[in-house]
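These notes concern the structure reproduced below.
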Amino acid sequence: MTLQKTPSQTIGPYYAIGLCRRDDSHLAELSESNAVRLHGQLLDGAGAPVGDGMVEVWDPFGRRWGRSGTDADGRFSFVVTKPDAAGQAPRLDVWVFARGLLRHQLTRVYFPDETQANAGDPTLAALDDGERRTLVAEAEDGALRFDIHLQGDRQTVFFAH
Amino acid sequence: MTDTRILLPGVDPEIVLPDDPSFGPEVQIDYPGYRSTRLRAPKDPLVTLPEEFHRADGPVFGDSALGLLDHDLTRQHEGDPLGERIVVSGRVLDEDGRAVRHALVEVWQANAAGRYHHVVDQHPAPLDPNFTGAGRCLTDDEGNYRFVTIKPGSYPWGNHENAWRPAHIHFSVFGRAFTQRLVTQMYFPGDPLFAFDPIFNAVRDPRSRELLVSRFDLERTQPEWALAYRFDIVLGRGGAGTTPLEDPA
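Protein chains in written order, with this note's numbering: chain A, 1 to 161; chain B, 1 to 249.
What follows is the structure, encoded as structure tokens:
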């Protein structure tokens with residue numbers, strides 16, 4: 001038996017009522033060793049902030065999940081630890097939702113201090129330099145910065161799902 | 001492709017495109033009639049990940065994620081909310097018809113007057129001090145979920161001239177596999193606004209679009225208390241070779 005899948009619809013501008021009543025942005029406590037803030041801006045094709053978006057991150061190795069709405073400047077923020085990826089390049093899987101996005105998008109964030117592991121990652125290896133850059137966070141003031149561009153020359157790489 | 005739909009007077013062909021069954025269950029993410037897609041829908045082709053990724057587990061939530069009255073949106077305040085009380089229930093299944101158990105289902109919606117309890121919503125309809133419009137629950141071992149709520153109102157949204165959203169409840173669902181994640185909207189049968197709404201019609205396959213419309217559910221109505229609507233949700237398979245979760249429904 002194959003049933004037909006329920007189609008996706010946009011999260012709309014008022015998702016925070018249902019989805020952001022609690023603070024789910026901590027995948028780790030800041031007091032944990034190696035805990036680091038992961039933050040960035042969600043931007044549209046004109047480079048304008050998306051103030052009604054939502055980002056979810058999933059650490060598939062440590063099985064930790066988090067969610068952050070974006071503020072008026074399109075900013076989201078998490079506290080994460082770098083996953084122990086058992087020989088693979090450490091990464092977090094990222095879902096992106098927004099008003100105007102009829103289906104959520106899937107991307108990944110890799111860590112900037114893992115040059116060697118990143119070089120051996122088959123998913124990164126299949127991309128060109130510009131595309132690859134969109135998936136690697138930048139170290140900035142003791143935190144990790146990861147901007148997400150929905151469209152344009154610097155569009156973030158999104159994956160089929 | 002034959003468009004069999006009867007276009008109602010007033011349907012703007014720039015806002016609502018003809019049916020196109022070739023889209024299947026996929027929504028057209030750059031649907032032009034929904035203006036906000038223009039700068040937000042990604043344009044580059046999607047990159048394919050290895051097959052095993054699609055089988056990978058996603059987050060699992062336990063009872064600790066829930067408050068006692070999270071499933072009953074009519075009992076979260078001192079008094080009763082205004083509007084038509086309804087029961088919304090259904091099953092979360094995968095494409096093979098297997099129940100997705102212990103899935104976190106989150107909902108949010110406007111009140112009976114068509115106003116969201118949200119600072120950005122400035123529609124001049126009354127807020128209801130007894131209605132927040134948010135709920136969550138976990139599916140049971142058979143994939144069943146159930147909410148008690150108020151039938152939401154329609155509201156204008158400024159996308160185009162005289163644009164009104166059909167009444168809807170937003171749903172967010174986590175399956176078992178990471179790629180089963182779904183955010184969608186549930187509509188009510190017979191809504192006269194369907195033909196005019198670009199968000200609903202961005203699902204271009206009419207059969208798939210019908211899956212977003214709940215069914216009136218006489219069996220689950222509660223006499224002298226509440227009407228009922230049924231909305232089943234079918235998630236993707238999460239990749240070939242997934243461990244069976246349940247016997248087929």
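Here a beta-carbon is modelled for each residue, glycine too, at the ideal position from N, C-alpha and C. From a predicted model like this one, the values you see are computed outputs, not experimental measurements.
Query	Result
Among all the DSSP beta bridges, which residues are the ones paired with A55 (chain A)?	The question names Ala, but residue 55 (chain A) in the sequence shown is Val. BP columns for V55 (chain A) point to A:S68, A:V96.
For L227 (chain B), which residues of its own chain have a beta-carbon under 6 Å away from its beta-carbon, when the five flanking residues on both sides are left out?	I86, T221
Can you look up E95 (chain B) in the DSSP assignment and give me helix, strand or coil?	coil
Rounded to whole angstroms, what's the CA-CA distance from S68 (chain A) to G51 (chain A)? Just pull it up for me.	12 Å
Taking 8 Å as the threshold, find out whether the region 53-70 of chain A comes into contact with the region 55-66 of chain B through three or more Cβ pairs.	yes
Taking 8 Å as the threshold (C-beta atoms), are D140 (chain B) and G24 (chain B) in contact?	no
One question on the structure: do H102 (chain B) and L66 (chain B) come within less than 8 Å of each other, judged by their Cβ atoms?	no
Which partner residues does G40 (chain A) have in the DSSP bridge list?	A:F76
Please identify the residue among A:D24, A:A139, A:F97, A:R103 whose C-alpha is closest to the C-alpha of Y110 (chain A).	A:A139
Between which two residues does the alpha helix (DSSP H) carrying G130 (chain A) extend?	129-133
When the distance is taken between beta carbons, is R99 (chain A) closer than 8 Å to P13 (chain A)?	yes
Under 8 Å, with one C-beta from each stretch per pair, do the region 25-43 of chain B and the region 139-151 of chain A reach the 3-pair mark?	yes
Give the residues of chain A in contact with D20 (chain B), contact being defined as C-beta atoms less than 7 Å apart.	Under the 7 Å cutoff, chain A gives no residues; its nearest Cβ is about 13 Å from D20 (chain B).
So, helix, strand or coil for L245 (chain B), using DSSP?	Because the pLDDT of L245 (chain B) is 46, which lies under 50, any placement of that residue in the model is unreliable, and the number read from its coordinates should be weighed accordingly. Coil at L245 (chain B), not helix or strand.
Figure out for me which residue from A:G142, A:F159, A:A117 has the closest Cα to the Cα of T134 (chain A).	A:F159
Classify A240 (chain B) as helix, strand or coil using the three-state DSSP reduction.	Only weak support exists for where A240 (chain B) lies, its pLDDT of 43 falling under 50; the coordinates are left without a value.
Are there 16 or more other CB atoms within 10 angstroms of the CB of V120 (chain B), so buried, or fewer, so exposed?	exposed
Got a sec: which bits of the region 1-25 of chain A sit with their beta carbon under 8 Å from any beta carbon on chain B, in order along the chain?	M1, T2, L3, Q4, K5, T6, P7, S8, Q9, T10, I11, G12, P13, Y14, Y15, A16, I17, G18, L19, R21
If the cut-off is 7 Å on Cβ atoms, which residues from the region 145-172 of chain B count as contacting chain A, listed in chain order?	H170, S172
Does the distance from the CB of T123 (chain A) to the CB of L46 (chain B) come in under 8 Å?	no
Mind listing which residues of the region 102-114 of chain B have their C-beta closer than 7 Å to chain A's C-betas, in chain order?	E106, V107, W108
Kindly list, in the order they appear in chain B, the residues whose Cβ is closer than 8 Å to that of R154 (chain A).	What R154 (chain A) touches in chain B: nothing, since even the nearest Cβ is about 11 Å away.
In the region 116-130 of chain A, which residues sit with their C-beta less than 8 Å from some C-beta in chain B, listed in chain order?	P122, T123, A126, L127
Counting only the same chain and skipping the five closest in sequence on each side, list residues whose C-beta sits under 6 Å from that of A134 (chain B).	W108
Apply the 10 Å Cβ neighbour rule to Q185 (chain B) and answer buried if 16 or more other Cβ atoms are within range, or exposed otherwise.	buried
Determine the closest residue to H26 (chain A) out of A:D71, A:L19, A:V36, with distance taken between C-alpha atoms.	A:V36
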